[in-house]
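Encoded as structure tokens, the structure appears first; notes follow it.
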Amino acid sequence: MQRAPSLLLAVFLALMPVRGWGEADVGDIVFKRVTPGSEDVAAAVFPHWVHRIQYKCYACHDALFKMAAGADAISMDAINDGKSCGTCHNGKKAFAPTFSTCTRCHRE
Amino acid sequence: MPSPDPPPPAITPILRLLAPVGLLAALACGLSLGACSPQGSLLSVLLEPPPPGRAASPRPVVRKPRHPPPEKPPPLPAARPELETPEPTDWLAFRAGLPHIDDDVDWSQALATKAIAPSPGIEPDAQDESVLELELELVPKGAPNQAVTFSHKAHTEWLACANCHPAIFEMQQGADPITMGAIFAGKYCGVCHGKATFAIETGCPRCHKKSG
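Chains A and B supply the protein sequences, listed in that same order.
Just so it is clear: in the first sequence, position 73 is 73 by my numbering, and no numbers are missing.
With positions in the second sequence counted from 1, the corresponding number in my numbering is that position plus 108.
Structure below.
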């Protein structure tokens with residue numbers, strides 16, 4: 001019974017409306033997996049807001065990405081080739097896709 | 109008169125001759141006697157083949173002389189030095205400092221107050237698109253209290269004309285049958301609102317400004 005207060009506190013803290021990277025936010029696009037067998041890695045999440053701080057919509061739309069989510073085929077190969085997200089995420093403009101940065105996009 | 113020396117024993121020269129032979133004989137005897145010991149005698153090691161288990165043992169490794177290790181190993185070259193990760197910015201803290209409407213960032217206000225200065229393009233020489241100062245009153249037939257004030261300015265600060273026209277909206281006002289149902293289904297305003305920017309459910313007065 002002594003655990004009850006701490007348990008309640010933990011539940012309360014978990015339910016607190018603090019927005020973090022892991023929280024769904026307006027403008028977050030969760031990518032849909034199309035490659036079978038890749039479900040072990042969390043799907044990538046694209047947060048519009050952090051990109052919007054730095055770029056206007058037409059910096060990427062429609063030349064780089066179409067307006068409809070899922071309209072563009074995005075793959076790690078393309079990103080590593082400097083296409084799609086890799087246009088900026090190449091270690092120069094923005095962080096590159098390395099094994100130390102996986103979870104910055106691939107998060108639950 | 110001094111007493112004469114005792115005569116040398118006649119056996120001594122013979123012993124001198126036999127001593128090395130006796131020594132060798134004794135050694136051979138000892139070695140052969142040691143054959144009964146568990147370790148085996150030197151003779152058995154020299155003369156007999158090794159036991160089956162040891163016969164298969166590998167030959168002793170001849171070690172080369174070790175070079176002295178370097179003082180400090182040279183650092184490994186980066187596989188792709190261009191992939192250095194820039195220091196992450198605390199974007200969550202930055203966002204918390206932006207103007208808000210309820211839980212959402214007020215992006216128009218963030219622009220107006222110069223809290224943010226988003227780039228018009230990825231290339232450094234990208235130019236801003238022109239901003240259109242045109243406000244439209246979109247009044248549904250028979251429902252003037254549901255009128256929408258559409259600000260081209262607020263949208264063209266972020267979007268180019270070609271982002272919306274004519275794929276999402278015809279250029280002619282009133283040409284599109286815009287309904288809330290269509291918006292909730294992801295058409296017209298719903299292409300962005302609720303997906304990339306503020307939600308439809310919570311943002312009513314932000315579009316329906318005159319509905320009171």
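Don't be surprised by glycine CBs; every beta carbon is placed ideally from N, CA and C.
Quick one: list the residues of chain B neighbouring residue 120 of chain A, beta-carbon separation under 7 Å, in chain order.
Outside the shown range of chain A, which is 1 to 108, sits residue 120 of chain A, and nothing can be said about it.
Completely contained beta strand (DSSP E) runs for the stretch 16-63 of chain A, where each covers 3 or more residues:
The qualifying runs are 28-30 and 45-47.
If you run the structure through DSSP and keep just helix, strand and coil, what is residue 299 of chain B?
Locating residue 299 of chain B in the second sequence gives position 191, where the first residue counts as 1. Residue 299 of chain B: helix per DSSP, three-state reduction.
Reference residue 44 of chain A; option with closest CA among A:53, A:75 and A:71:
Residue numbering aside, residue 44 of chain A sits at position 44 when the first sequence is read from its first letter. It is A:75.
Using a Cβ-Cβ cut-off of 8 Å (strictly less than) and excluding sequence neighbours within five positions of residue 298 of chain B, which residues of its own chain qualify?
Against the second sequence, residue 298 of chain B aligns to sequence position 190. Within the same chain, Cβ atoms closer than 8 Å to the Cβ of residue 298 of chain B are found at 290, 291, 292 and 308, the five residues on either side in sequence being excluded.
Would you report the Cα separation of residue 255 of chain B and residue 94 of chain A, rounded to the nearest angstrom?
Within the second sequence, residue 255 of chain B is the residue found at index 147, counting from 1. Within the first sequence, residue 94 of chain A is the residue found at index 94, counting from 1. Cα to Cα, the separation comes out at about 42 Å.
Output, in chain order, the set of chain A residues within a Cβ distance shorter than 7 Å of residue 212 of chain B.
Residue numbering aside, residue 212 of chain B sits at position 104 when the second sequence is read from its first letter. Neighbours of residue 212 of chain B in chain A, taken as residues whose beta carbon is under 7 Å from its own, are 26 in chain order.
Report all residues from its chain with a CB closer than 7 Å to the CB of residue 70 of chain A; omit the five preceding and five following residues, and keep chain order.
Walking along the first sequence from the start, residue 70 of chain A turns up at place 70. Hits under 7 Å: 32.
So, using beta-carbon positions, are residue 227 of chain B and residue 262 of chain B closer together than 8 Å?
For the purposes of this step, residue 227 of chain B is taken as the residue at position 119 of the second sequence. For the purposes of this step, residue 262 of chain B is taken as the residue at position 154 of the second sequence. When the beta-carbon positions are compared, residue 227 of chain B and residue 262 of chain B stay at least 8 Å from each other.
Every unbroken beta strand (DSSP E) inside the stretch 196-268 of chain B [3 residues or more]:
Listed in chain order, the complete beta strand (DSSP E) runs (minimum 3 residues) inside the stretch 196-268 of chain B are 243-246 and 256-259.
How is residue 270 of chain B classed by DSSP in three states: helix, strand or coil?
Taking the first residue of the second sequence as position 1, residue 270 of chain B is located at position 162. Correct three-state label for residue 270 of chain B: helix.
Quick check: what's the CA-CA separation for residue 318 of chain B versus residue 61 of chain A?
Stepping through the second sequence from its first residue, residue 318 of chain B is reached at position 210. Stepping through the first sequence from its first residue, residue 61 of chain A is reached at position 61. Rounded to whole angstroms, residue 318 of chain B and residue 61 of chain A show a C-alpha spacing of 31 Å.
Are there three or more Cβ pairs, one per stretch, closer than 8 Å when the stretch 259-279 of chain B is compared with the stretch 233-248 of chain B?
The stretch 259-279 of chain B makes contact with the stretch 233-248 of chain B, as at least three CB pairs between them are under 8 Å.
Shorter than 8 Å from the beta carbon of residue 42 of chain A to some beta carbon of chain B?
The residue given as residue 42 of chain A occupies position 42 in the first sequence. The beta carbon of residue 42 of chain A does not come within 8 Å of any beta carbon belonging to chain B, so the residue lies off that interface.
Quick check on residue 95 of chain A: does DSSP put it in helix, strand or coil?
Residue 95 of chain A sits at position 95 when you count from the first residue of the first sequence. In the three-state reduction of the DSSP assignment, residue 95 of chain A falls in the coil class, being assigned neither a helical nor a strand state.
Whether residue 46 of chain A touches residue 72 of chain A by CB criterion (8 Å):
For the purposes of this step, residue 46 of chain A is identified with residue 46 of the first sequence, where counting begins at 1. For the purposes of this step, residue 72 of chain A is identified with residue 72 of the first sequence, where counting begins at 1. Judged by beta-carbon spacing, residue 72 of chain A lies beyond the 8 Å limit of residue 46 of chain A, meaning their Cβ atoms are not closer than that value.
According to a CB-to-CB cut-off of less than 7 Å, which residues of the stretch 292-320 of chain B neighbour chain A?
Along the stretch 292-320 of chain B, going in chain order, the ones with a CB nearer than 7 Å to a CB of chain A are 299, 303, 304, 305, 306 and 307.
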